[in-house]
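Inspection log for the structure reproduced underneath, given as structure tokens.
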Amino acid sequence: MDTANQERDRVLIPTGHDGVTCTCVRSLAQKGIGAVVASEKSNVPAAASRYCDESVTLPPPRQGLSSYRDALVALAERDDVRTIVPVRPEDAYLLSRYEESFAEHVSLVVPSMPQLERVFDRLQLAAAAEAAGVPVPETRRLSDVDDWTPELLIKSRYNVLTDAYLDDMGPDDVNVVKGIHHVGRGETPDVEAIREEMCHDPIVQEFVRTDGEFMFTGLYDHGEPLATFQHRQIRGNSYTGGGGVYRRSIADPELERVGRALLDELDWHGLACIEYMRDATTGEYVLTEINPRMWQSLPSTVHAGADFPWYYWLAATGRTDEIDDRYRVGVGTHMLYGELGYLRSVITEESPHVERPSIPGTIWDIGSSIVREPRFDYLTLDDPGPFFAGLCRTLPDGVGDRLPWPRDADNPAPRHA
Numbered sequence: 083m084d085t086a087n088q089e090r091d092r093v094l095i096p097t098g099h100d101g102v103t104c105t106c107v108r109s110l111a112q113k114g115i116g117a118v119v120a121s122e123k124s125n126v127p128a129a130a131s132r133y134c135d136e137s138v139t140l141p142p143p144r145q146g147l148s149s150y151r152d153a154l155v156a157l158a159e160r161d162d163v164r165t166i167v168p169v170r171p172e173d174a175y176l177l178s179r180y181e182e183s184f185a186e187h188v189s190l191v192v193p194s195m196p197q198l199e200r201v202f203d204r205l206q207l208a209a210a211a212e213a214a215g216v217p218v219p220e221t222r223r224l225s226d227v228d229d230w231t232p233e234l235l236i237k238s239r240y241n242v243l244t245d246a247y248l249d250d251m252g253p254d255d256v257n258v259v260k261g262i263h264h265v266g267r268g269e270t271p272d273v274e275a276i277r278e279e280m281c282h283d284p285i286v287q288e289f290v291r292t293d294g295e296f297m298f299t300g301l302y303d304h305g306e307p308l309a310t311f312q313h314r315q316i317r318g319n320s321y322t323g324g325g326g327v328y329r330r331s332i333a334d335p336e337l338e339r340v341g342r343a344l345l346d347e348l349d350w351h352g353l354a355c356i357e358y359m360r361d362a363t364t365g366e367y368v369l370t371e372i373n374p375r376m377w378q379s380l381p382s383t384v385h386a387g388a389d390f391p392w393y394y395w396l397a398a399t400g401r402t403d404e405i406d407d408r409y410r411v412g413v414g415t416h417m418l419y420g421e422l423g424y425l426r427s428v429i430t431e432e433s434p435h436v437e438r439p440s441i442p443g444t445i446w447d448i449g450s451s452i453v454r455e456p457r458f459d460y461l462t463l464d465d466p467g468p469f470f471a472g473l474c475r476t477l478p479d480g481v482g483d484r485l486p487w488p489r490d491a492d493n494p495a496p497r498h499a
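Numbering (our numbering), first residue to last: 83 to 499.
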């Protein structure tokens, strides 16, 4: 084993099948920083990267948050681990809630619990946006809605469900509810069934007709911006929306204004990924949500020159003066198996709000854009493992298991300089 590699500083990245972790691993490896990829799941894409120093197994967070926390703390106690990067909602919550426990061993750049609660509770987030002068859809609890005449959306009130918000959950309980119900004009949903599905009283928001979806991201140091970035989402996980799978970097002063205004109102600290939609009638950027962690489209951010994994490392290690937040505008990138998910949604999904694109037109749009802008999130010639790992998960049950990609999380990946 390479002695220099064995002794280098490392970052701990708890993850699931989040491909964003691979970008963190590759980015930091270029700077000489190793990565310990930790997960309760097998076949983790980042663990298949040739740049992954080590992969370790964690207990499942949703089967006991305290055991999961203790396992992360034990890894944080290692002398070579300097910080932890949040890439999942439950990890963003855990690191903020138990920051003092982790701070004994590693340096974190995460929001305080009061800051996190304003973001994770979408009712509080809507109030914060209004206070900052940032447009936000009318937002109410499901139990407060008695008029189903308008077009509406029903979504989880909380980014994560924990005992911090719900009395019937204990300190070991955590859950993430991502489903969104599109309610057509005059349609009355089954309210009790939705409450049971979402395990709480969710929120209802007015449906906003848009002409585009956008992302504003930032890394903040106690209210001061260290770096920001913007992109326009051209295609998402689904034709109805979701995380970006084809995006292009932009620099819009108005998007910068509303992004900074909200984070100023929150006196933010740490990572923030803010999703906006542009109102097709008014042209205003309307807030969708904030995620205080690395984001799904991080690879496109790094492709454009905004290296947020490196920025996070610099902030965690007291070197913020080395952050150069300039990036290139007009850089388009694709998540290839995400594009397959978009095509699948066109074939199988329906929405009362969004017209479904034609299948031939979708195939043409995807193919022509890939030829025009052949930049990909995970597919690289020097490190193909993560791409095939992600691809295996999109194949029919049992097919991916017979392929050689990727390594299992129970078995350490080889170390590389």
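Glycine included, each C-beta is placed from N, C-alpha and C at the ideal position.
| query | result |
| --- | --- |
| Residues near C134 in its chain [Cβ-Cβ closer than 7 Å; skip 5 each side] | V107, A117, V119, A128, A495 |
| Burial state of D465, where buried means 16 or more other Cβ atoms lie within 10 Å | buried |
| Neighbour-count burial assignment, I502, 16 or more Cβ in a 10 Å radius | Residue 502 cannot be examined here, being either before or after the span of the chain that is shown, 83 to 499. |
| DSSP bridge partner residues for F458 (one or two, in chain order) | H416 |
| Nearest-angstrom Cα separation, counted from C281 out to D250 | 10 Å |
| Residues of its chain near T370, where Cβ-Cβ distance is below 7 Å and the 5 sequence neighbours each way are ignored | E357, Y358, M359 |
| Residues of its chain near L345, where Cβ-Cβ distance is below 7 Å and the 5 sequence neighbours each way are ignored | G300, Y302, A354 |
| Those residues which DSSP pairs with V163 across a bridge | R92 |
| Per-residue burial, V167 [other beta carbons within 10 Å of its own, 16 or more giving buried] | buried |
| E136, enclosing beta strand (DSSP E) - first and last residue | 136-139 |
| Beta-carbon proximity check, P433 vs H264, cutoff 8 Å | According to the sequence as given, residue 433 is Ser; it is not Pro. In contact: S433 and H264 (Cβ atoms closer than 8 Å). |
| Cβ pair V191, A388 closer than 8 Å | no |
| Supposed contact pair H351 and Q197 - C-beta distance, whole angstroms, cut 8 Å | 7 Å |
| N- and C-terminal bounds of the beta strand (DSSP E) containing H264 | 263-265 |
| First through last residue of the beta strand (DSSP E) which encompasses V286 | 285-288 |
| From D91, A156, Y175, Y328, residue whose alpha carbon lies closest to that of E186 | A156 |
| Buried/exposed call for G443, threshold 16 Cβ in 10 Å | exposed |
| Residue range of the beta strand (DSSP E) that includes R222 | 221-223 |
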